[in-house]
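A.B. asks:
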Amino acid sequence: MTSPPPTTTLWRPTGPKELELVRALDWRAWPPRLPEQPIFYPVLNEDYAIRIARDWNVKHDGAGFVTRFEVDTEFVGRYPVRRAGGETILELWVPAEELDEFNAHIVGRIEVVREFR
């Protein structure tokens, strides 16, 4: 019996519209990006995701959610970690055209771990 691949935990702050699309995909994938969204960016720590969901998504969408999910570590290593501000403001930049392949490497389900209104 082979063991599952090692995984990396990622978070994604999201608004209610995107969350409904994730729900429609049975919590196993992220929806395609809109034309004005060339990059999908999951973040590397929960604190950063909380700040975006609470301070940005609530203001712009009326609610913010923090999701957590696991991705195959070997696969996700192809995306360099980008610093978007301070030391803990870290994210991955996944080009929109690679999102289907990224989704195929999600292990398990995407789960909501925090909600802000």
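Just so we're aligned: 29 in UniProt numbering is position 29 of the sequence shown, and the numbers increase by one with no gaps anywhere. Even for Gly, the Cβ is constructed at its ideal location relative to N, Cα and C.
What distance in whole Å lies between the Cβ atoms of T14 and F65, which are believed to be in contact at a cut-off of 8 angstroms?
C.D. replies: 5 angstroms
A.B. asks: Please report how far the alpha carbon of E74 lies from the alpha carbon of W11, in whole angstroms.
C.D. replies: 17 angstroms
A.B. asks: What is the rounded straight-line gap between the Cα of R68 and the Cα of K59?
C.D. replies: 21 angstroms
A.B. asks: Return the first residue and the last residue of the alpha helix (DSSP H) that V43 is part of.
C.D. replies: Per DSSP, V43 belongs to no alpha helix (DSSP H) and is neither H nor E.
A.B. asks: For a test of the three-state rule: what should DSSP assign to T9, helix, strand or coil?
C.D. replies: Three-state result, T9: strand.
A.B. asks: Let me check one thing: in DSSP terms, what residues is I106 bridge-paired to?
C.D. replies: V71
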